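Down below is the structure, laid out as C-alpha cells.
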Amino acid sequence: MSNKEVKTALKSARDAIRNKEYKEALKHCKAVLKQEKNNYNAWVFIGLAAAELEQPDQSKGAYKKAIELEPNQLLAWQGLANLYEKSNQTDVKGDLADVYQKLLELYQSGDKQKWFDVCNKLVELYHQEKKYLEVAETWQKLIQKKQEEGAEKAELHQLWKKMTQLLKDSTQNQDNKTEQSLLTAFEHAVNSAETVPSEDHQNLYKEFIQCLSKFPHEAARLEKACNDMMALYPTVSYPLEVLCLHFVQSGTLSEEALHCFSRLLEMDASSGPGIIGFGIKCFQEKKYKEAIKSLTEGLKKTSQCPAAWHYLAEAQRKIHRYRDAVLSCNQALEALGIPEGPSLRWKNLILQLKAEALIKIADADAAEEAIKALEQIVDASSDPVVLAIRGQAYLIKGLMDQASEISQELLLSHPDLAQSHALEGFIHYFQKNYEQAEGSFLNAIERRAETAEYHQYLGLTYWFMSDETKKDKGKAVAQFLKAAKLDSYLGSVFRYLGNYYRDIAGDKSRACGCYKKAFELDGTDEESGTAAVDLSVELGDTDTALSILNEVTEKASVGTAKWAWLHRGLYYLRTGQPSQAVADLQAALRADPKDSNCWESLGEAYLSRGSYSTALKSFRKASELNPELVYSIYKAAAVEQILGKYDNAIATYQQILKKAEDYVPALKGLGECHLMLARSALDNYLDRK
C-alpha cells in the first residue's frame, strides 16, 4: 500500500466514523496498520471506533499505543479522556486525573478556554475523590492563570469564593496545607468583594470566622477576623459572640475578654455567650451562686461550649452541689465529642473534676464511677493529684489495702504534696486512728493551709479523739471556724459548730444560728434542719421554725422530707389545728409507713378532729408495728370506750394491766367502762346484773 493509499484509507476511516460505521472504520485502520504499524492516526481512529462499539479495553489499548508513538499530540489524550469520562468503573478515576494533567500541559500555551475547561473537570474529579489538597493546588493554578490574563476583580472574587466552597468540607482532614489554602481563599474572598458592606459580604465573613473557629491554633487569625468584621459591621453580634466563646474556651480570661463580654451584653442582653461570660466573671469573683445562675441561663442558649459546662460544674462543686456538678461534667464531655489537641486538656480537666465531685457524694457506686472517670484521663498514672483522688475512691469503697498502697507510694514519691498527707489522714480517720490522723492533717495544712476540708477533718479528728478534745474549744472549734472562714458554703462544719454550742457550750441561740446556716447551705441535711426547728421552738421563735418547715415541705416531692412533715404535723397538733396535722402526718407516713410513733400522732390528730373510727385504726396500726407502745394500746381502748364498745375496751384495758398493773389511765378507763355497763343494766331494769 503506497503512501497515497494510506491517506485514502485514513480518509475512508474518518468518513466511516462520521457516518457511525465503526466496524468499517476498523477495517480501514487495520489495513493501514498492516502497511504502517506505527501510524498515529490509525491507532487514534481504532480507539474512537472501539469505544463506540463498547470495546473499552481495545479502545484504551489503541489510545495508549498512539500516545506511546506521539506523547505530545492532543488527539489520543482527548480520546482517552472521553473514554474514561464515559466509564462507570471507579478505578479509572486516578488514570483520568493523569490524563487531565497531561491535557493541561498540552493546552498551556495553546487553547486557553480548553485549559480552563479541563482544569474545572480536574478540580471536580479531585473534589469527588475528597483529595482536597489537589483541589486547592489545581484551583490556585486556575486563579493564577486568570490573574495573569488580567481578569476583573469581580471574577477573581467569585473564583476565591468558589474555592472556599470546594474546600469547606476539608476541615476534618487535619491537613495543614489544605487548611492554609482554605483560609487564604477566605481572606482573598472577603477582601476582594466589591460591595462592602453588604449582606453577601457579611455572610461570607461569618463563614470565614466559623471556619477559623474550627482551628484552635489559629487564635490570632480568628481574633483579627472578628475585630475586622466588628469594625465593618458594628451592630452585628455574631463576631463578638464567636470571640467571647473563643476566650471562654481558651481558659484564660484577660481584660480584653471581660471587655468583650460586657460589650456583647450591651448589644444583646439575651446573648448566650455574653451571659456565659458574665457567669465566668462572677465565678472569678467567687460569687458562685450568681455564676451558676448566669452559666445555666447562658448554656440553655449556647449548649455546645465544654469550657462553660466545666465552669458551671466547678461553681457547683464550690458550693457542694456535687450531684449537679457530675451532671454538668457529663454535659461538658458530650459537648466535647472526640477531643483532639487542646480539647484533650479540657477532657482531662473535666474527668478529674467529675471524679472529685463523685468522691464527695461518698457512696460506693459514686466511688466506682469516679474510678472509671479517672481511668479515661490521659497520663493519669503520672499525675500524683489524680492518684490521690483514686486513693480516696478506694477508701470510700472500703478497699483499704489499695488506698494504703497509693498513700505510701505518694508519701515516698511526692512528700511535699498536700494531697499525699491528706490521703494518709483520711485513711487513719476512717480507721479511727485519730492521733495518727492528727499528724497527717497537720502536715497537709502545713503545705496547703487554704484548703477548708483539711481543717474540717482535723476538727473532726479532735472532736472524736477523746472527751477532753471534744470539750476543748481551742482545738476542734478553732479548726471548724477556720474551715468555715475558708469555705463559707461548707454546711457540715456549721452543723458541728451547732453541736458544740448546743451540747458543750450550752449556747442554744448561737447553736440555732449555726444549724440554720448549715441547713441553708445543704437542704438535704435533716439533722441540721431538725435541730434548727427544735431549738427555734425551744427559744420561742415558732415563726422561724415554721418558715423552715414550710420551705422544705413546699419543695418536697411525695414520699420525702418525713422529718419536716412530722415536725409541722406535731406543731399543728399542739396548736389545736387537727385537720392540718392529719394532712402533714399522712405525708410523713408516705415517706416512712412503718413509723409507729407517727401512726400514734396521726391517731391523736384524728381524735382531736372527732374522727374516732380512723383514730382507732391509727392507734391499732401503731401498736401492731410496736407492741411495746402502751400509750397507743390505751388510746385504742379509750376510743372504743367513747364509741360505746365497752366490752372491747374492757378487754384492751385488761390486756394493758397484765403488762403494767399500776397503769393508772387503764385502771381509770376500766372502772369507767364497768360503771357504764352497770348504768346501762339499770336503765334496762336488769337490776341483778
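Under numbering that gives the first Met the number 0, residues 0 to 688 are what the sequence shown spells out, in order.
Backbone N, C-alpha and C define an ideal beta-carbon position, used for all residues, glycine too.
A quick note: this is a predicted structure, and the numbers were derived from the prediction, not measured.
How far does the alpha helix (DSSP H) with GLN88 in it reach, from first residue to last? Note, GLN88: premise wrong, no alpha helix (DSSP H); not H, not E.
Indicate whether TYR652 and ALA636 have their beta-carbon atoms separated by less than 9 Å. yes
Distance between GLN351 and THR164 (C-alpha atoms, nearest Å): Sequence inspection shows Gln at residue 164; the Thr mentioned does not correspond to that position. About 40 Å.
Buried or exposed: LEU343, going by 16 or more other Cβ atoms within 10 Å of its Cβ? exposed
To the nearest angstrom, report how far apart ASP168 and GLU133 are at their CA atoms. 14 Å
Span of the alpha helix (DSSP H), counted from its first residue to its last, around ALA150: Premise fails: ALA150 is in no alpha helix (DSSP H) and is neither H nor E.
Excluding the five sequence neighbours on either side, which residues of its own chain have a C-beta within less than 7 Å of the C-beta of GLN201, listed in chain order? TYR232, VAL235
Do you know how far the Cα of ASP364 is from the Cα of ASP415? 31 Å
Buried or exposed: which applies to THR460, given that a residue is buried once 16 or more other Cβ atoms fall within 10 Å of its Cβ? buried
What are the boundary residues of the alpha helix (DSSP H) that includes ILE376? Premise fails: ILE376 is in no alpha helix (DSSP H) and is neither H nor E.
Report whether the distance from the Cβ of GLN179 to the nearest heavy atom of the ligand COA is below 8 Å. Summarising the ligand content, the structure contains no ligands, and the ligand COA is consequently not present.
Taking the straight line between their C-alpha atoms, what separation do you get for SER302 and PRO215? 19 Å
For a minimum of 3 consecutive residues, which ranges assigned as the beta strand (DSSP E) are wholly contained in the region 281-335? none
Pair every Cβ in the region 637-657 with every Cβ in the region 611-619, then say whether three or more of these pairs are closer than 8 Å. yes
Sequence-distant residues of the same chain with beta carbon closer than 7 Å to ILE510, five excluded per side: According to the sequence provided, residue 510 is Ala. The question's Ile does not apply to it. So the qualifying residues of the chain are GLY497, TYR500, ARG501, LEU534.
C-beta atoms of LEU166 and ALA135 nearer than 9 Å: yes
First through last residue of the alpha helix (DSSP H) which encompasses ALA448: No alpha helix (DSSP H) holds ALA448; DSSP gives it neither H nor E.
HIS693 classed as buried or exposed, judged by whether at least 16 other C-beta atoms fall within 10 angstroms: Residue 693 cannot be examined here, being either before or after the span of the chain that is shown, 0 to 688.
Quick check on LEU9: does DSSP put it in helix, strand or coil? helix
Name the residue from LEU411, ASP362, MET399, SER419 whose alpha carbon lies nearest to the alpha carbon of VAL385. SER419
Less than 9 Å between the beta carbons of GLY276 and LEU264, yes or no? yes
Candidates GLY149, LEU155, ALA96, of which the one nearest HIS126 by Cα: ALA96
How big is the Cα-Cα spacing for LYS300 and LEU357? 27 Å
Could you work out which residue in TYR287, ARG494, GLN146 is closest to GLY528 when comparing CA atoms only? ARG494
Residue range of the alpha helix (DSSP H) that ALA560 falls in? First-last for ALA560: undefined, no H or E at that position.
9 Å Cβ cutoff, TRP345 in contact with chain D: Any reference to chain D falls outside this structure, which holds one protein chain only.
Going by beta carbon distance, what residues of the same chain come within less than 8 Å of GLN283, once the five residues before and after it are set aside? LEU252
Do you know how far the Cα of ILE45 is from the Cα of LEU68? 14 Å
In this structure, how does DSSP classify ALA555 when only helix, strand and coil are distinguished? coil
Excluding the five sequence neighbours on either side, which residues of its own chain have a C-beta within less than 8 Å of the C-beta of GLU154, listed in chain order? LYS145
Beta-carbon separation (whole angstroms), LEU624 vs SER600, contact threshold 8 Å: The Cβ separation is near 13 Å, so there is no contact.
Taking the straight line between their C-alpha atoms, what separation do you get for ARG567 and ASP540? 14 Å
How is the alpha helix (DSSP H) around ASN498 delimited, first residue to last? 490-498
Where the alpha helix (DSSP H) through ILE655 begins and ends: 645-658
Would you give the residue range spanned by the alpha helix (DSSP H) that ASP199 belongs to? 198-211
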